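This report refers to the structure that appears directly beneath it.
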Amino acid sequence: MTEQEVLVRVEDLIKHFPVARDAVGRRRPGHIRAVDGISFEIYRGETLGLVGESGCGKSTAGRTILQLYRPTGGRVIFRGKDLTELKGRELRGVRPHMQMVFQDPYASLNPRMTVGQLISEPLLVHTRQSRAERQRRVRELLELVGLDPDLDRRYPHEFSGGQRQRIGVARALALNPEFIICDEPISALDVSVQAQVVNLLEDLQERFGLTYLFIAHDLSMVRHICTRVAVMYLGKLMELGPREAVYNRPLHPYTRALLSAVPVPDPDLEAEREPALLTGDVPSPADPPSGCFFRTRCSLAADICRAEVPAFREVRPGHYAACHFVPMEGW
Amino acid sequence: MARLLEVRDLTTCFHTPEGVVHAVNGVSFDLAEGETLGIVGESGSGKTVSMLSLLRLIPEPPGRIVRGQALFQGKDLLKLDREAIQKMRGSQVGFVFQDPMTSLNPLMRIGEQLSEPMLKHLRLTPRQARNRSLELLKLVGIPGAAHRLDDYPHQFSGGMRQRVMIAMALSCEPKILIADEPTTALDVTIQAQVVALVKDLRRRLGMAVIWITHDLGVLAGLAHRVVVMYAGSIVEQAPVRQLYKDPRHPYTLGLLGALPRVDGQHAERLANIAGRPPDLLKPIIHCPFAPRCRFAIARCWETNPALLPVSDAHQSACWVLGGTGEPFGETQVD
């Protein structure tokens, strides 16, 4: 692999949420360790997939990278600056370059604003464009995402889920960002509409050289759209590597279990397949297990997994995993 | 396999201020004993409304079952009186809804909720019902079942709640289990568990399953037969292998092409089904898929094709790809 330019560098990022009471209301001060020390780089022009089950901290990680949540610890280097140290005007100065497409196209658009207002809002906040300039840009953006520019006076409820997600994409594109975090952008959509939105994201990436962090729980779609994949569990990275390596030769038992749970749309293959079922639920991030966080559901778990946190090691070039049982050689 | 349910020409509409919504337009299908039937389609394709119509769970008004027949054990479900259909719902047909977070009563302990249908339909004593609730929780694989009977729904995770819903649907040993997108709200790991559970229960209890979904991926390893719905009609039905290997409706082709594959056998670009489903406020005259179809010919705009036989158990409502013999043109999903 040739030397690639790092656009975003995440170093030991931590986000803990304080909680005063537990799930049934008993007083028990503690912390939800939503993101618990993750490090990775995102290269310019690539799509990095961040996958994991609900509650693994992948959305929190995305929001913390963008400084929508301020981190408990760690650094996020973007355009040569540590975002975690920026405040006020300085942080606002960086925001136009990094944007987000949210999960729920029904909840993330203000129902009382027209599509034109929604898309021009970032322009109003971050630029000094005139009304006419903004209107022109809105039409341009609507066309770009495959919507009729004459619909700018309509309200979000007049659009279908897929169209709303296009509006969300147009809004994220308004300021010509370099980096977009897509937080489960398609999981609320029908399969055929998912394909439309994913194709749109791919076209836009090619046209504008965008860099994506694609957060998802759909491993099939991540394989389709991403160049590299990071697997998260209970706030930690379990595995990170190039797409083909992670899917064809997964290193971590958790990645293997996740992959084996995905159904393949082929009755013959399905008839032969024995999915390795993960038993039990994800432990609470307020009270994670000792040692390896995955050990309570892992078929390989042994004494060392209870005692020691496995290091996140580079096992093959560019392919990392955090497991005591991943040998350094022979893979 | 003996025929368990026979649905003919089921037609349901909704009267709204904007006009009449033609939600289900003449749906006919059979379900055999012990069979798993998959029903696939986009939101608004009528898959849920047709199932709710069978059990007469659609609100009337605004809904109305215009015509049709649903024969189950020699009785037409659509003609039963209120009391008889209520009996049928709990005891003969179990229903699992999409959202396990909202379909359990948050103020009732799980044990009480599980007991309710058994007290009503099986006339068990409270003690018997409680014992049976415990058995059911064990059956669906809830760890520490005995301690969890007195828990409230919020104390269960999403996957566990869906297990409780399945336990409730199974409580009166139904002949048919209807599961409406039971795994859509769940993680893929939990989906795999629920699918394995339903397959296992079907084998052990010998019931038939109707599994509604918008995802053809999950049906491949689960269903015996698949029905594809579009705009309130069945556009294709076939045994599961035939549907995936030799799809004969452009909409089925589109659904399969839109699906990325985790085993990497996918195209560089996902197939798009351009456009949107038709407005169901207007009665359908031509083929409802014609405006989005790349195979459409003049005939498609004149008459809506009925289901044409492709082979014994395989039918497709398409003038171009349906019918017996070699399909017209290139039909491979790339």
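Respectively, the protein sequence lines represent chains A and B.
FYI, my numbering numbers position 221 of the first sequence as 221, with every residue one higher than the one before it.
Just add 331 to the spot in the second sequence (first one is 1) and you have my numbering.
The C-beta atom is built at its ideal place from N, Cα and C for all residues, glycine as well.
Here the structure is a predicted model, which is why all the values come from computation and not from measurement.
- Between the stretch 218-230 of chain A and the stretch 49-68 of chain A there are three or more C-beta pairs closer than 8 Å, enough to call the two in contact.
- Per DSSP, reduced to three states, the secondary structure at residue 39 of chain A is strand.
- Neighbours of residue 545 of chain B in chain A, taken as residues at a C-beta separation under 9 Å, are given in chain order as 190, 191, 192.
- The C-beta of residue 246 of chain A comes no closer than 8 Å to any C-beta of chain B.
- Among the CB atoms of chain B, none fall inside 8 Å of the CB of residue 176 of chain A.
- Residue 646 of chain B has B:568, B:640 as its beta-bridge partners, per DSSP.
- About 13 Å separates the Cβ atoms of residue 402 of chain B and residue 507 of chain B, ruling out a contact at the 8 Å cut-off.
- Fully enclosed alpha helix (DSSP H) runs of no fewer than 4 residues occupy 58-65 of the stretch 45-77 of chain A, in order along the chain.
- Look at the stretch 519-569 of chain B and you find these whole runs of alpha helix (DSSP H), each 4 residues long or longer: 519-536, 547-550.
- The residue among B:409, B:365, B:390 with its C-alpha nearest the C-alpha of residue 347 of chain B is B:390.
- The alpha-carbon of residue 142 of chain A is positioned some 19 Å away from that of residue 209 of chain A.
- Within the stretch 134-210 of chain A, the runs of beta strand (DSSP E) that reach at least 3 residues and sit entirely inside it are, in chain order, 179-183.
- The Cβ-Cβ distance between residue 53 of chain A and residue 518 of chain B falls below 8 Å.
- Under the 10 Å beta carbon count, residue 130 of chain A is surrounded by fewer than 16 other beta carbons and is classified as exposed.
- Secondary structure of residue 421 of chain B (DSSP, three-state): helix.
- Against chain B, the beta carbon of residue 99 of chain A has no neighbour under 9 Å; the closest one sits roughly 23 Å away.
- With a contact defined as Cβ atoms closer than 8 Å, residue 338 of chain B and residue 355 of chain B miss out at about 10 Å.
- Look at residue 59 of chain A: its C-beta is not under 8 Å from any C-beta on chain B.
- C-alpha of residue 160 of chain A to C-alpha of residue 205 of chain A: approximately 23 Å in a straight line.
- A straight-line Cα-Cα distance of about 49 Å links residue 145 of chain A and residue 416 of chain B.
- From the beta-carbon of residue 527 of chain B, the residues of chain A found nearer than 8 Å are 275, 277.
- Sequence-ordered contacts of the stretch 193-223 of chain A with chain B read 193, 194, 195, 196, 198, 199, 202, 217, 218, 219, 220, 221, 222, 223 [C-beta pairs closer than 9 Å].
- Pairwise C-beta distances place the stretch 261-270 of chain A out of contact with the stretch 246-253 of chain A, as fewer than three of them are shorter than 8 Å.
- Rounded to whole angstroms, residue 501 of chain B and residue 467 of chain B show a C-alpha spacing of 8 Å.
- Counting C-beta pairs closer than 8 Å gives fewer than three between the stretch 83-93 of chain A and the stretch 103-123 of chain A, which falls short of the contact rule.
- Ranking B:526, B:503, B:599 by CA distance to the CA of residue 203 of chain A puts B:599 first.
- It is roughly 21 Å from the alpha-carbon of residue 545 of chain B to the alpha-carbon of residue 342 of chain B.
- Restricting attention to B:645, B:351, B:460, B:349, the CA atom closest to the CA of residue 556 of chain B is found in B:645.
- Residue state for residue 412 of chain B is assigned as coil, using DSSP reduced to three classes.
- Taking the C-beta atoms as reference points, residue 471 of chain B is found no nearer than 8 Å to residue 385 of chain B.
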